[in-house]
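Peer 1: Listed in order, the protein sequences are those of chains A and B. This note's numbering puts the first residue of the first sequence at 1126, with every later residue one more than the last. This note's numbering puts the first residue of the second sequence at 107, with every later residue one more than the last. Starting off with a structure, shown below.
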Amino acid sequence: MLSLKNIGVFLGGQRVLDGLNLEVPERDFVVIIGANGTGKSTLFNVISGVFPPAHGRISIGGIANNFRQVTRVFQDPRVGTVGNFTIFENMALALTRNKKRHLIPYDNRKRREFFRERLATLGMNLENRMDDLASSLSGGQRQALSLVMSVLGDYKVLLLDEITAALDPKSSEMVMALANKIVSAEGKTCLMATHNMHHALNFGGSLLILRNGKFDQSFTGDEKQKLSPADLIETFI
Amino acid sequence: MNDGEWVIILQMGLVYGIVTIGIFLSFRVLNFADMTCDGAFVLGGCLSAIGVKNGLPASLALILAFLGGSTAGLATAWLHNFCKIADILAGILVAFMLYSLNLRIMGGVPNVTLDAGNGCGVMLALTGIFVILAVGYLLVSDFGLALRGLGQNRHLTRSYGIHTANTVATGLAMSNGLIALGGAFFALTQSFCDIGSGAGTLVVGLASLVIGEKVLPFRSPAVAVAACVVGSVVYRLLIGFALHSDVLFLRSSDLNLITGLLIVVTMAMRGRRKKCYL
């Protein structure tokens, strides 16, 4: 589904990614860990087409540079939602992803019902607050909203970029559980970068460790079960 | 104030109301500090004046002005998107270059006079209403949502498949098209076009914009568009009263000072700003 071949990226003269290869089959949920500055965010920027790599090939669903099929949840919930938009407007913006945005009113009953259904799965009462501004939500609620938004339109690959990093421990657990639920329900390819070792071990399938611009070590889902958070922290050194 | 002055207040209010909607599109919706407007306003004025002088019907002259302004907006967008020039400088450059272009359009003379009474008043009123409805509708459409989203959060809109460069270009084309249309109405209703008539268009538009936001502090995009025109008329009224009140000892040459202070005072009253659209 997602295939990266020999990816190289230079930022400000620094080699950030160097000869990185990755093959992720359909429906796989891959977890990526790595110290700060090892290029996790750069990797996600390359996969979502924000900037092109210096060399290497990217294909998504068998099509080269098919970035439109990549959806992404950002680390900061303020980036993943528009604070000055209502919840409804945020959802409408997300729904029209990869579709032509026509001159038809974005607000209609059919959409309201569809969004209500989707928001209800969060169990946060957001379905009754659709006309509230996103900026009035708490960080956890806002990240939950950006999760739901990211899978509204059509996509093939979902990127979760340290989605719990900006949240308090309780909201962090809540958002991670929610992300896991959404990823299993959607059954699509997913890549998650995280600094939370518990999340890295408890969620998703195979685990990859990014170091020196490429994937240095990898564990399959079964191998991962035998690891402890302490083992993982050692890989950072 | 006599009847004639009331008519002029309403007329100027509407003319600059259309300009204000253009400024609203760039400054508020797209969050793009677009300085093209001083040039685009004159461009619209001289295109329509020369058009009418050469026998073009007023309606076609207005369309010509709109298209001319749109082209200026596209030029600014191109400088910003492809030459990576900051929004503010891109607009200033285009407005600067438009000065020469406008003089060429007017045949090398700094002003053109038209025959009085080409009856644009009704057309102005109808166009004003049409522009409010059209832009209001645009902003509640899927396309408008993308436009608004872009101004709020470029990271997000890019990741939701909105082509940043094209959307900015479309927005600026509409914005400057409307500003030029305002300039064209100014020329046709006043029966003259002057190379200097664009100076301060942005400031007057911003004054109208902030007044409108105070008068109608609602989030709805359609109301926000109407507020531009209401703000523009209120601005003209305030100026009219200020210049007429004998106690203030003001002269018409004090206009810029009054306008500037009006903006400062309105913007300093931040209390209700949060509730405003965007």
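For glycine and all other residues, C-beta sits at the position ideal for the given N, C-alpha and C. All values reported here derive from a predicted model rather than from experimental measurement.
With a threshold of 7 angstroms on Cβ separation, who are the neighbours of Ala-252 (chain B) within its own chain once the five nearest residues in sequence on each side are excluded?
Peer 2: Thr-263, Ile-268 and Thr-273
Peer 1: For Phe-291 (chain B), does the count of other Cβ atoms within 10 angstroms reach 16, so buried, or fall short, so exposed?
Peer 2: buried
Peer 1: Do you know offhand how far Arg-260 (chain B)'s Cα is from Gly-161 (chain B)'s?
Peer 2: Spanning the two alpha carbons is a distance of roughly 46 angstroms.
Peer 1: Keeping to the same chain, check which residues put their C-beta closer than 7 angstroms to that of Glu-1148 (chain A); ignore five residues upstream and five downstream.
Peer 2: Ser-1128
Peer 1: With DSSP run on the structure shown, which of helix, strand or coil describes Lys-1339 (chain A)?
Peer 2: Residue state, collapsed to three classes: strand.
Peer 1: Determine whether the Cβ of Met-375 (chain B) lies closer than 9 angstroms to any Cβ atom of chain A.
Peer 2: no
Peer 1: Using C-beta distances below 8 angstroms, list every residue in its chain close to Val-339 (chain B), excluding the 5 sequence neighbours before and after it, in chain order.
Peer 2: Ile-115, Leu-116, Gly-119, Leu-120 and Gly-123
Peer 1: Taking a Cβ distance cut-off of 8 angstroms, strictly less, list which residues of the stretch 130-161 of chain B are near chain A, in chain order.
Peer 2: none
Peer 1: Hey, how far is the Cα of Ser-165 (chain B) from the Cα of Arg-1237 (chain A)?
Peer 2: 42 angstroms
Peer 1: Could you name the residues that DSSP lists as bridge partners for Ile-1334 (chain A)?
Peer 2: In the DSSP secondary-structure assignment, Ile-1334 (chain A) is bridged to A:Ile-1158 and A:Gln-1342.
Peer 1: Considering Cα atoms alone, identify which of B:Leu-284, B:Gly-304 and B:Ala-313 is closest to Ala-374 (chain B).
Peer 2: B:Ala-313
Peer 1: Note down, in chain order, each residue of its chain lying with its Cβ closer than 6 angstroms to the Cβ of Ala-1144 (chain A), except the 5 sequence neighbours on either side.
Peer 2: Note that residue 1144 (chain A) corresponds to Gly in the displayed sequence, not to Ala. Excluding sequence neighbours, Gly-1144 (chain A) sits near Asn-1131 and Lys-1339.
Peer 1: Where in the stretch 1243-1315 of chain A do unbroken runs of the alpha helix (DSSP H), each at least 4 residues long, occur, reported from the N-terminal end onward?
Peer 2: Complete alpha helix (DSSP H) runs here, min 4: 1264-1275 and 1294-1311.
Peer 1: Using the three-state DSSP reduction, which class does Gln-1139 (chain A) fall into: helix, strand or coil?
Peer 2: strand
Peer 1: Which residues does DSSP pair with Thr-1196 (chain A) in a beta bridge?
Peer 2: Bridge partners of Thr-1196 (chain A): A:Leu-1283.
Peer 1: Counting contacts by CB-CB distance shorter than 9 angstroms, is Thr-1206 (chain A) in contact with chain B?
Peer 2: By this cut-off, Thr-1206 (chain A) is an interface position.
Peer 1: My guess is that Ala-387 (chain B) and Gly-151 (chain B) are in contact by the Cβ rule of under 8 angstroms, so how many angstroms apart are they, rounded?
Peer 2: The requested residue 387 (chain B) is not part of the displayed model; chain B covers only 107 to 384.
Peer 1: Measure the beta-carbon distance from Ser-1331 (chain A) to Val-1155 (chain A) and round it to whole angstroms, keeping in mind my assumption that it falls under 8 angstroms.
Peer 2: 5 angstroms
Peer 1: Below 7 angstroms CB to CB, which residues in the same chain sit around Leu-343 (chain B) once its five sequence neighbours on both sides are set aside?
Peer 2: Ile-115
Peer 1: Kindly indicate which residue of A:Met-1301, A:Ala-1160 and A:Gln-1350 has the alpha-carbon position closest to the one of Leu-1120 (chain A).
Peer 2: A query on residue 1120 (chain A) cannot be resolved here, the shown segment of chain A reaching from 1126 to 1362 and no further.
Peer 1: Considering only their Cβ atoms, is the gap separating Leu-308 (chain B) from Met-141 (chain B) smaller than 9 angstroms?
Peer 2: yes
Peer 1: At a CB distance below 8 angstroms, what residues from the stretch 247-265 of chain B approach chain A? Give them in sequence order.
Peer 2: Ser-247, Asp-248, Phe-249, Gly-250, Leu-251, Ala-252, Arg-254, Gly-255, Gln-258, Asn-259, His-261, Leu-262, Thr-263, Arg-264 and Ser-265
Peer 1: Determine the chain A residues that contact Gly-267 (chain B) at a beta-carbon separation under 7 angstroms, and present them in chain order.
Peer 2: Arg-1193, Arg-1222 and Asn-1223
Peer 1: May I ask which residues mark the beginning and end of the beta strand (DSSP E) holding Cys-291 (chain B)?
Peer 2: Checking the sequence, you will find Phe at residue 291 (chain B) rather than Cys. For Phe-291 (chain B), there is no enclosing beta strand (DSSP E); the enclosing alpha helix (DSSP H) covers residues 270-296.
Peer 1: What number of angstroms, rounded off, separates the C-alpha of Val-1393 (chain A) from the C-alpha of Leu-131 (chain B)?
Peer 2: What the structure shows of chain A is the stretch from 1126 to 1362, and residue 1393 (chain A) is not part of that stretch, so it cannot be assessed.
Peer 1: Between Gly-1159 (chain A) and the rest of its own chain, which residues show a CB-CB distance below 7 angstroms, the 5 nearest in sequence each way excluded?
Peer 2: Lys-1165, Ile-1334, Leu-1335 and Arg-1336
Peer 1: Check the Cβ-Cβ distances between Leu-244 (chain B) and every residue of chain A, and say whether any is below 9 angstroms.
Peer 2: yes
Peer 1: Give the interface partners of Leu-1228 (chain A) over in chain B, defined as CB-CB distance under 9 angstroms, in chain order.
Peer 2: Tyr-243, Leu-244, Ser-247, Asp-248, Phe-249 and Gly-250
Peer 1: Under three-state DSSP, which class holds Ser-1184 (chain A)?
Peer 2: strand
Peer 1: Opposite Cys-300 (chain B) in the DSSP bridges: which residues?
Peer 2: Residue 300 (chain B) is actually Asp in this sequence, not Cys. For Asp-300 (chain B), the pairing in a beta bridge is given by DSSP as B:Asn-217.
Peer 1: Can you check DSSP and say which residues form a bridge with Val-1149 (chain A)?
Peer 2: A:Leu-1127
Peer 1: Considering only the beta carbon of each residue, do Asn-1223 (chain A) and Gly-1278 (chain A) sit closer than 9 angstroms?
Peer 2: yes
Peer 1: For Phe-347 (chain B) and Leu-220 (chain B), which I take to be in contact (beta-carbon distance under 8 angstroms), what is that distance rounded to the nearest angstrom?
Peer 2: Rounded, the Cβ-Cβ distance is 30 angstroms, inconsistent with contact.
Peer 1: What's the gap between the Cα of Leu-384 (chain B) and the Cα of Ala-139 (chain B)?
Peer 2: Residue placement at Leu-384 (chain B) is poorly supported in this model, since its pLDDT is 45, which falls under 50; the coordinates are not used for a value here.
Peer 1: Just verifying my parser: in three-state terms, what is the DSSP assignment at Ser-314 (chain B)?
Peer 2: In the structure shown, Ser-314 (chain B) sits in a helix (DSSP, three-state: H, G or I).
Peer 1: Ala-155 (chain B): which of B:Leu-256, B:Leu-209, B:Thr-372 and B:Gly-337 sits nearest, CA to CA?
Peer 2: B:Leu-209
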